[in-house]
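What follows is a single structure, written as structure tokens, with notes after it.
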Amino acid sequence: MKASVAAVAAVAGVANAAAHAHNHRRAHDMFARRAGLESCVPECTTVWETFYGEPTFIEHGPEPEPTTTEIQTQVQTEIVDILPTPEVEIFPTPGTYSWDATTITVTESTTVCAATATKVGPGTHTFGGVTTVVETSTTVVCPIATETTVDGVITSTIVETTYVCPTPGTYTIGASSSTVTVDETVIVYPVATSYEPGTYTRPAATVTVTATNYVTVCPFEGGPTPAPQPEPQPEPEPEPAPAPAPQKPAEEAPAPTTAETSKPTQEWTASTGLGGNGKDHWAITYTPYTEDAGLCKSRDEVFADIRNIKSLGFDTVRIYSTDCDTLANVGDAAEAEGLKIIIGVFVKEAGCGYSGVHKQQVEELVAWGKWHLVSLAVIGNEAIFGGHCNAGQLKGLIDTCKSIIAGAGYTGPFTTAETVDVWQRDGSVLCDSIDIGGANTHPYFNANTSPSAAGTFVRGQLDIVAKICGKRSISLECGWPTQGNCNGAACPGVAEQAEAIGSIRSSCGEDVVFFTYGKAFWKDPTSCGCEPYFNVEGAF
């Protein structure tokens with residue numbers, strides 16, 4: 001999948017606002033002051049006389065008891081459940097930032113707007129929405145996430161929309177678009193995300209930021225509470241077997257053959273078509289993007305690339321996604337040249353749910369359906385390492401994709417591509433969902449590995465992953481740059497690349513997918529100054 005570049009951000013805030021206004025009227029007594037009227041008043045004298053009678057006592061009754069009047073009022077309180085939506089963190093300046101762990105318990109199934117982020121470069125980009133594939137004219141009713149802005153406050157809400165798909169095809173409903181004019185930025189947008197009852201935790205973390213306005217999306221770990229398992233019932237005691245009837249001695253018979261009691265687990269070895277099977281190179285990664293701008297290559301350009309890959313001695317190409325008509329162009333070219341394909345579902349949405357672009361890729365794979373060309377299906381490329389989801393969420397996506405793709409006729413193995421440290425930490429969660437271990441093993445990023453030791457390093461990494469899951473492991477990305485900065489003993493260069501690739505080929509080439517075919521000047525060099533320069537064509 002085409003890597004995104006760099007990071008600045010537009011952040012969508014999720015808010016609900018309700019305004020209640022109460023109007024009170026106050027009655028005021030109106031007093032009018034009257035002006036004095038002029039009149040002619042005769043003079044007179046007033047004589048006062050006072051008469052006293054017998055004293056009289058007035059009896060006062062007891063003071064009345066105070067009374068209390070109870071007035072009941074009803075107050076409606078709306079309790080809003082907090083949900084484990086991924087939290088967008090923005091770091092305005094370089095420095096070290098920390099946050100505490102947060103735990104949220106969800107008590108009922110809920111669908112809400114959750115934030116996800118995508119790095120993009122210059123141009124117009126479409127994102128969000130719900131993707132569906134229809135075979136006939138169909139009316140689709142579905143929830144989508146939308147945004148409105150009032151007084152500078154961005155509010156994300158879920159609305160139900162009705163869309164008419166007039167002809168067969170793939171439709172993205174409710175998507176948004178944005179035009180980017182800077183070299184790179186991060187677009188943060190809402191997606192409709194469902195949460196099942198369970199406990200979710202965002203672990204405490206400390207990060208060191210080296211760029212301004214750095215944006216990251218922090219997902220919650222955990223997931224739905226598993227349904228309670230029924231308690232095992234004691235098995236009934238078997239009835240005693242009847243005594244055997246006496247039999248005459250039997251004639252000696254040939255020794256019985258041993259019946260197979262269980263079908264062994266499929267062993268995906270190089271001899272089954274997954275690997276070099278004695279060759280020191282068999283597979284290489286390929287993305288159908290132009291060298292300078294990273295745009296989609298034409299069909300003729302793709303066919304020319306695949307022919308050249310075949311001439312270099314490779315049997316298989318690894319693709320990352322279904323964009324740029326990859327299945328039609330690369331698939332047809334590979335079929336014409338007699339090559340196999342490692343297909344991929346590229347994960348880039350927070351939470352790794354089966355929705356959005358993830359679902360779209362699977363549906364496009366199923367519609368394509370040329371399983372005879374496929375030697376391996378890879379669900380996710382560094383999804384955990386890249387911070388898109390945790391191991392439990394990735395496992396759920398792998399299991400869902402396996403069910404759908406296998407149900408469509410694919411009978412080969414499945415895996416995911418992660419770094420070795422992720423396998424060491426999360427292998428216990430992932431191993432049951434994969435058929436073969438898949439690791440990205442770039443010796444250049446180990447500061448103690450010189451080009452001549454690259455093969456020994458990669459072989460050791462694959463052995464680690466194989467022991468974690470008890471299954472064969474292969475490297476799904478392995479290369480060495482021709483330009484960039486030295487990383488300790490690992491220095492880039494044309495001669496250094498040739499030495500490193502030669503070391504890898506001699507040590508474990510039949511278990512390695514080499515990275516990569518073609519130049520990629522559209523990529524951000526990053527701090528290593530090396531990302532655009534992993535083209536290994538010259539080493540073969």
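In terms of UniProt numbering, the sequence shown opens at residue 1 and continues consecutively. All residues carry an ideal CB built from backbone N, CA and C; glycine is no exception.
C-beta atoms of residue i and residue j nearer than 8 Å
i      : j      : result
Val374 : Ile341 : yes
Ile468 : Cys431 : yes
Arg307 : Val513 : no
Phe515 : Glu477 : yes
Asp458 : Thr441 : Looking at the sequence provided, one finds Val at residue 458 rather than Asp. Cβ atoms of Val458 and Thr441: closer than 8 Å.
Gly518 : Asn485 : no
Glu363 : Glu418 : no
Gly386 : Thr416 : no
Ala447 : Leu462 : no
Gly179 : Thr124 : At residue 179 the sequence reads Thr, which differs from the Gly that was named. Yes, Cβ-Cβ distance for Thr179 and Thr124 is below 8 Å.
Val130 : Ile173 : yes
Thr212 : Thr96  : no
Phe539 : Ser503 : According to the sequence displayed, residue 539 carries Ala and not Phe. No, these two residues do not count as a Cβ contact at 8 Å.
Thr139 : Val159 : no
Ser475 : Asp435 : no
Thr167 : Thr157 : no
Ile384 : Asp426 : yes
Thr210 : Pro92  : no
Buried or exposed by the 16-neighbour rule on C-beta atoms within 10 Å, applied to residue i
i      : result
Glu108 : exposed
Gly407 : exposed
Gly479 : buried
Pro492 : buried
Glu531 : buried
Lys523 : buried
His281 : buried
Glu349 : buried
His372 : exposed
Gln424 : exposed
Val88  : buried
Ser39  : Residue placement at Ser39 cannot be trusted, given a pLDDT of 42 that sits under 50; what the coordinates show is reported in the next sentence. It is exposed - the Cβ of Ser39 has fewer than 16 other Cβ atoms within 10 Å.
Ser428 : exposed
Val141 : exposed
Ile82  : exposed
Val75  : In this prediction, Val75 has a pLDDT of 47, which is less than 50 and means its spatial position is unreliable; nothing more can be read from the coordinates.
Thr316 : buried
Gly313 : exposed
Ala489 : exposed
Gly152 : exposed
Asp100 : exposed
Thr149 : exposed
Val420 : buried
Nearest to residue i (by Cα), restricted to the options the options
i      : options                        : result
Tyr189 : Arg202, Thr85, Glu363          : Thr85
Arg299 : Ala334, Ile104, Glu196, Pro525 : Ala334
Gly509 : Thr193, Ser98, Asn277, Thr132  : Asn277
Ile284 : Thr162, Gly275, Asp292         : Gly275
Gly396 : Trp368, Trp371, His388, Gly353 : Gly353
Ala520 : Asn446, Ala293, Ala377, Val378 : Ala293
Tyr410 : Ala211, Val366, Ser98          : Val366
Ala204 : Asp511, Gly538, Thr102, Asp426 : Thr102
Asn535 : Val357, Asp325, Gln483         : Gln483
Ser177 : Pro122, Glu499, Tyr214         : Pro122
Thr185 : Thr162, Ile90, Thr136          : Ile90
Gly470 : Leu295, Thr210, Ser433         : Ser433
Leu327 : Ser450, Ile104, Thr210, Pro288 : Pro288
Thr162 : Ile144, Thr149, Val150, Ile154 : Ile144
Thr456 : Arg472, Glu537, Thr208, Ala500 : Ala500
Ser98  : Thr148, Val150, Arg202         : Arg202
Glu537 : Tyr286, Val215, Thr132, Ser137 : Tyr286
Integer-rounded CB distance, given that residue j should sit under 8 Å from residue i
i      : j      : result
Ala377 : Phe414 : 5 Å
Asn339 : Lys310 : The sequence given here has Leu at residue 339, not Asn. The Cβ separation is near 6 Å, so the contact holds.
Gln361 : Ser403 : Actually they do not touch by this definition, with Cβ atoms about 15 Å apart.
Tyr195 : Val302 : In fact, because the Cβ distance is near 40 Å, the residues do not count as touching under 8 Å.
Ala466 : Gly437 : 6 Å
Val191 : Gly356 : 6 Å
Pro443 : Glu496 : Contact flag wrong, Cβ pair sits at about 11 Å.
Gly351 : Thr193 : 6 Å
Tyr200 : Ile104 : 5 Å
Lys297 : Thr290 : 6 Å
Neighbour flag for residue i against chain D, beta carbons, 8 Å
i      : result
Ala498 : The structure shown has no chain D; it contains just one protein chain.
Residue i: CB within 7 Å of a non-hydrogen atom of the ligand FAD
i      : result
Leu339 : No copy of the ligand FAD appears in this structure; indeed no ligand is present at all.
At which residue ranges does the stretch 153-181 contain complete beta strand (DSSP E) runs of 3 or more residues, listed in the order of the chain? 153-165, 169-173, 176-180
Residue ranges of each beta strand (DSSP E) within the stretch 318-402, 3 or longer: 340-345, 374-381
Can you check the stretch 446-503 for any beta strand (DSSP E) of at least 3 residues that lies completely inside it and give the ranges in chain order? 473-478
Ignoring anything shorter than 3 residues or poking outside the stretch 283-318, list the beta strand (DSSP E) runs there in chain order. 283-285, 316-318
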